[in-house]
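Remarks on the structure that follows.
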Amino acid sequence: MKSDIQIAQKANLKHISEVAKKLSIPEEDLEYYGKYKAKLSDELWEKIKDRPDGKLILVTAINPTPAGEGKTTTTIGLGQALGKMNIKSVVALREPSLGPCFGIKGGAAGGGYAQVVPMEDLNLHFTGDFHAVTSANNLLAAMLDNHIHQGNELNIDPNQIVWKRCVDINDRVLRNIVVGLGRKADGVVREDHFVITVASEIMAVLCLAENMEDLKERLGRIVVAYTYDGKPVFAKDLKAVGAMAALLKDAMKPNLIQTLENTPAIVHGGPFANIAHGCNSIRATKMALKLADVVVTEAGFGADLGAEKFLNIKCRAAGIKPDAVVLVATIRALKYNGGIPKTEFSAENLDALKKGIVNLEKHIENVQKFGIPVVVALNRFMTDTPAEIDFVRHFCEERNCEFSLCEVWEKGGKGGIDLAEKLLKTMEEKQSNYKPLYDLNLPIKEKIEIIAKEIYGAGKVTYDPAADSAIKKLEELGYGNLPICMAKNQYSLSDDPSKLGRPTGFTVNIREVYVSAGAGFVVAITGTMMTMPGLPKIPAAEKIDVDENGRIVGLF
1 MKSDIQIAQK ANLKHISEVA KKLSIPEEDL EYYGKYKAKL SDELWEKIKD
51 RPDGKLILVT AINPTPAGEG KTTTTIGLGQ ALGKMNIKSV VALREPSLGP
101 CFGIKGGAAG GGYAQVVPME DLNLHFTGDF HAVTSANNLL AAMLDNHIHQ
151 GNELNIDPNQ IVWKRCVDIN DRVLRNIVVG LGRKADGVVR EDHFVITVAS
201 EIMAVLCLAE NMEDLKERLG RIVVAYTYDG KPVFAKDLKA VGAMAALLKD
251 AMKPNLIQTL ENTPAIVHGG PFANIAHGCN SIRATKMALK LADVVVTEAG
301 FGADLGAEKF LNIKCRAAGI KPDAVVLVAT IRALKYNGGI PKTEFSAENL
351 DALKKGIVNL EKHIENVQKF GIPVVVALNR FMTDTPAEID FVRHFCEERN
401 CEFSLCEVWE KGGKGGIDLA EKLLKTMEEK QSNYKPLYDL NLPIKEKIEI
451 IAKEIYGAGK VTYDPAADSA IKKLEELGYG NLPICMAKNQ YSLSDDPSKL
501 GRPTGFTVNI REVYVSAGAG FVVAITGTMM TMPGLPKIPA AEKIDVDENG
551 RIVGLF
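Position 525 of the sequence shown, counting from 1, maps to 525 under UniProt numbering, and the rest follow consecutively.
Pasting the structure below:
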């Protein structure tokens with residue numbers, strides 16, 4: 001059986017100008033990065049902005065497990081299936097981070113015969129957007145420390161600096177560091193921290209900004225520190241906004257590539273959903289809606305994270321709403337949630353399936369709370385038995401949502417035709433009555449508790465003293481009316497990754513709370529969630545190489 005990268009490297013790619021023609025994009029609005037990648041010009045938006053929007057499909061999933069759910073694969077395969085049905089479609093995705101590519105998770109270009117290509121380019125440097133975000137983030141950090149070194153005119157308290165440096169690699173030793181060691185000329189000694197680039201507020205700003213004017217406004221609002229008397233210091237106070245915007249100018253433009261079946265794919269931005277807001281850029285999604293009749297997009301990890309943030313943060317900011325949601329699950333993952341180990345996935349086990357399917361049930365209920373029709377896509381594996389498939393089908397139909405057996409990994413777009421047909425039927429028969437889960441004017445704690453209790457199933461929420469103090473301070477500063485971005489592990493509905501299935505009545509603990517004023521949300525960190533992951537004992541990087549012909553091998 002061929003690996004994903006072997007399939008991708010045998011793909012019959014079309015020149016990106018040919019792919020653009022499917023969306024009627026003029027050649028003058030393409031900024032080429034070789035033959036198979038292009039950025040979409042700012043001028044293109046002015047030409048298409050008054051067109052009616054196409055339909056918007058959000059693909060999400062149950063809580064991820066070691067078995068893998070295939071959410072991105074399903075997203076891409078569905079886009080390919082719509083293309084086979086002669087529907088003008090486009091896939092809108094996030095860009096992969098180098099962290100998981102070299103860590104444990106691998107890349108994020110789909111899999112099997114449902115991939116976006118060129119796969120190696122996308123998973124590695126792509127068009128340099130992440131490098132631009134990293135540079136802008138660290139320029140701000142450098143200007144902040146330089147200001148303090150040069151006399152500290154703004155009266156910044158070095159013990160209340162909240163801006164962190166970033167790098168797009170899993171590097172645990174950078175989580176907590178000391179900077180400024182050495183001579184007096186080497187800066188002021190203080191504690192500092194790194195986050196992974198996808199957790200940087202600059203990434204969130206890039207993904208939520210509508211245009212250059214909005215980008216600069218958001219960059220200026222970023223809180224970098226507090227003064228000795230407790231007043232916030234902003235990026236604009238350091239006169240850093242113009243230079244940061246210059247670094248991000250090209251990164252603001254969405255990227256156009258293609259799937260294995262030459263379906264257009266707009267890929268842009270990449271915040272993680274477990275430690276950030278988890279959605280591709282507003283610019284990419286809104287542009288896609290003007291260019292196609294159906295847009296298939298995804299949100300990171302399970303519906304408790306990515307979909308919740310897409311619906312409570314991104315949809316509000318962008319003024320958009322999904323027409324339907326595809327919820328991806330696998331028999332193997334459901335059995336894992338029922339308590340069986342990975343070694344027993346291949347054997348039929350209806351008892352484990354019945355125990356574990358409550359995880360799917362909770363995610364169906366959660367999506368329906370937002371007023372959006374749901375279609376469950378069961379990503380099929382060879383070991384799935386007819387009895388197991390029938391059990392999941394009946395379970396979904398009893399809960400008023402369509403069910404589709406999805407085979408895009410093996411068959412590409414052809415394996416997603418049934419899902420595409422069920423989706424079109426659902427959108428025709430059921431109207432989306434999207435509504436956010438909470439009112440923005442509620443107190444911060446009340447919004448956190450609505451998410452924890454309504455989406456996760458928690459019994460109560462507790463707050464560390466530092467988080468409690470931070471919430472009071474943020475409300476005093478006028479940030480109480482922002483949406484909440486929860487940083488939570490992706491493996492469980494709770495803040496404890498070992499609690500599988502559908503835990504109830506548990507306590508969620510909020511360890512830290514801070515404002516991302518530029519992005520426009522308040523971040524609440526639960527449990528032991530880290531904004532800088534570490535590498536596993538055997539990193540995926542150990543298997544990646546370049547052969548004698550200059551071809552990259554070992555990516556997955």
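Glycine is no exception: its CB is placed at the ideal position from the N, C-alpha and C atoms.
| task | Just the C-alpha distance for A276 and C485, rounded to the nearest angstrom, thanks. | result | In the sequence shown, residue 276 corresponds to position 276, counting from 1. In the sequence shown, residue 485 corresponds to position 485, counting from 1. Whole-angstrom Cα-Cα distance: 7 Å.
| Residue span of the alpha helix (DSSP H) that contains Q368, given as start and end | The residue you call residue 368 lines up with position 368 of the sequence shown. It spans 358-369 - the alpha helix (DSSP H) in which Q368 sits, taken as one unbroken run.
| query | Apart from the five residues just before and just after N137, which ones in its own chain have a Cβ nearer than 6 Å to its Cβ? | reply | Residue numbering aside, residue 137 sits at position 137 when the sequence shown is read from its first letter. Result list for N137: C166, S200, I202, in chain order.
| message | Could you check whether I450 and V522 sit closer than 8 Å to each other, using their CB atoms as the reference points? | response | Position 522 of the sequence shown, counted from the start, is the residue given in the question as residue 522. Position 450 of the sequence shown, counted from the start, is the residue given in the question as residue 450. Between V522 and I450, the CB-CB gap reaches or exceeds 8 Å.
| field | Sub-8 Å separation of A377 and T60 beta-carbons | value | Position 377 of the sequence shown, counting from 1, holds the residue named residue 377. Position 60 of the sequence shown, counting from 1, holds the residue named residue 60. Taking the C-beta atoms as reference points, T60 is found no nearer than 8 Å to A377.
| What is the DSSP secondary structure of D293, counted as helix, strand or coil? | Within the sequence shown, residue 293 is the residue found at index 293, counting from 1. Note: D293 maps to coil in three-state DSSP.
| said: Quick check: the stretch 484-498 against the stretch 259-275, are at least 3 beta-carbon pairs closer than 8 Å? | reply: Two segments are said to touch when three or more pairs of C-beta atoms, one from each, lie closer than 8 Å; by this definition the stretch 259-275 touches the stretch 484-498.
| Going straight from the alpha carbon of P66 to that of K236, what length do you get? | The residue you call residue 66 lines up with position 66 of the sequence shown. The residue you call residue 236 lines up with position 236 of the sequence shown. Between the alpha carbons of P66 and K236 lies a distance of about 44 Å.
| said: If contact is defined by three or more beta carbon pairs under 8 Å, each pair taking one atom from either stretch, is the stretch 121-137 in contact with the stretch 316-326? | reply: No, the stretch 316-326 does not touch the stretch 121-137.
| message | I need the DSSP call for I87, collapsed to helix, strand or coil. | response | Against the sequence shown, residue 87 aligns to sequence position 87. Residue state, collapsed to three classes: coil.
| field | Validate contact between the stretch 6-23 and the stretch 256-263 using beta carbons, cut 8 Å, 3 pairs | value | The way I'd put it, the stretch 6-23 does touch the stretch 256-263; three or more beta-carbon pairs between them come closer than 8 Å.
| Who are K39's beta bridge partners in DSSP? | Here residue 39 refers to the residue found at position 39 of the sequence shown. According to DSSP, which records beta bridges pairwise, K39 is partnered with E31, N255.
| query | Counting Cβ pairs, one atom from each stretch, are 3 or more of them under 8 Å apart for the stretch 2-13 and the stretch 97-112? | reply | In short, these stretches touch, since the Cβ pair count reaches three.
| task | Using 10 angstroms around the beta-carbon of T74, count the other beta-carbons present and answer buried if the total reaches 16, otherwise exposed. | result | Taking the first residue of the sequence shown as 1, we reach residue 74 at position 74. Counting Cβ neighbours within 10 Å, T74 comes out buried, since at least 16 surround it.
| field | Separation of A92 from A292, as counted between CA atoms | value | The count along the sequence shown starts at 1 and reaches residue 292 at position 292. The count along the sequence shown starts at 1 and reaches residue 92 at position 92. Between the alpha carbons of A292 and A92 lies a distance of about 11 Å.
| message | Would you call the stretch 12-20 in contact with the stretch 28-44, where contact means no fewer than 3 C-beta pairs closer than 8 Å? | response | Proximity of the stretch 12-20 to the stretch 28-44 meets the contact definition, three or more beta-carbon pairs being nearer than 8 Å.
| said: Check this for me: beta carbons of A251 and A132, under 8 Å apart or not? | reply: On the sequence shown, position 251 is the one that residue 251 refers to. On the sequence shown, position 132 is the one that residue 132 refers to. Going by beta carbons, A251 and A132 fall inside the 8 Å limit.
| message | Restricting to Cα atoms, I'd like to know which of N262, S281, G270 is closest to L208. | response | The residue labelled residue 208 in the question sits at position 208 within the sequence shown. Of N262, S281, G270, the residue nearest in Cα terms is S281.
| query | Taking the C-alpha atoms as reference points, what is the distance between A141 and K309? | reply | As a working note, residue 141 is residue 141 in the sequence shown. As a working note, residue 309 is residue 309 in the sequence shown. The straight-line gap from Cα to Cα measures roughly 27 Å.
| query | Going by alpha carbons, who is nearest to N63 out of L327, E191, T507, I57? | reply | Mapped onto the sequence shown, residue 63 falls at position 63. Of L327, E191, T507, I57, the smallest CA-CA separation from N63 is found for L327.
| request: Out of S89, I266, V173, N211, point me to the one whose CA is closest to residue 586's CA. | output: Outside the shown range of the chain, which is 1 to 556, sits residue 586, and nothing can be said about it.
| request: Give a yes or no on whether the C-beta atoms belonging to S492 and V294 are separated by under 8 Å. | output: Counting from one through the sequence shown, the residue named residue 492 turns up at place 492. Counting from one through the sequence shown, the residue named residue 294 turns up at place 294. Inclusion of S492 and V294 in the CB contact set at 8 Å is not warranted, their separation being larger than that value.
| message | Classify E388: buried if its beta carbon has 16 or more other beta carbons within 10 angstroms, exposed otherwise. | response | To locate residue 388, count along the sequence shown from 1; it is residue 388. When all chains shown are included, E388 counts as buried.
| field | Cβ pair N176, L535 closer than 8 Å | value | By 1-based counting over the sequence shown, the position of residue 176 is 176. By 1-based counting over the sequence shown, the position of residue 535 is 535. Remark: C-beta atoms of N176 and L535 do not approach each other more closely than 8 Å.
| request: Measure from the alpha carbon of K10 to the alpha carbon of each residue in G68, L78, Q115, L98, then state which is nearest. | output: Here residue 10 refers to the residue found at position 10 of the sequence shown. For the set G68, L78, Q115, L98, the Cα lying nearest the Cα of K10 is the one of Q115.
| request: Can you check DSSP and say which residues form a bridge with L56? | output: Mapped onto the sequence shown, residue 56 falls at position 56. Its beta-bridge partners are V295.
| Taking only runs of the beta strand (DSSP E) that begin and end inside the stretch 443-479, which ones reach a length of at least 3 residues, in chain order? | DSSP runs (the beta strand (DSSP E)) wholly in the stretch 443-479: 460-463.
| task | State the beta-bridge partners of Q115 as determined by DSSP. | result | Position 115 of the sequence shown, counted from the start, is the residue given in the question as residue 115. DSSP output for Q115 lists G110 as bridge partner(s).
| field | Presumed contact (8 Å Cβ cut-off) between L248 and L289, rounded CB distance | value | Working through the sequence shown from its first residue, we reach residue 248 at position 248. Working through the sequence shown from its first residue, we reach residue 289 at position 289. The Cβ separation is near 23 Å, so there is no contact.
| request: Going by CA-CA distance only, name the one from E548, D145, N152, N262 that's closest to A81. | output: The residue labelled residue 81 in the question sits at position 81 within the sequence shown. Distance from the Cα of A81 is smallest, within the candidate group E548, D145, N152, N262, for N262.
| query | Cα separation between G242 and I222? | reply | As a first step, residue 242 must be located in the sequence shown, where it is residue number 242. As a first step, residue 222 must be located in the sequence shown, where it is residue number 222. Between G242 and I222, the C-alpha separation is close to 13 Å.
| query | Taking Cβ positions, are A329 and E69 nearer each other than 8 Å? | reply | Along the sequence shown, one-based indexing puts residue 329 at 329. Along the sequence shown, one-based indexing puts residue 69 at 69. Against a cut-off of 8 Å, the Cβ pair of E69 and A329 comes out as a contact.
| field | Of the listed residues V117, G103, S516, R283, nearest to K537 (C-alpha basis) | value | Numbered from 1 along the sequence shown, position 537 holds the residue referred to as residue 537. Residue G103 is the option with its Cα nearest to K537.
| query | Among H394, E446, P264, which one has its Cα closest to the Cα of H15? | reply | Here the question's residue 15 lines up with position 15 in the sequence shown. That would be P264, whose Cα lies nearest to the Cα of H15.
| task | For M486, name the three-state secondary structure that DSSP assigns. | result | For the purposes of this step, residue 486 is identified with residue 486 of the sequence shown, where counting begins at 1. M486 falls in the strand class under three-state DSSP.
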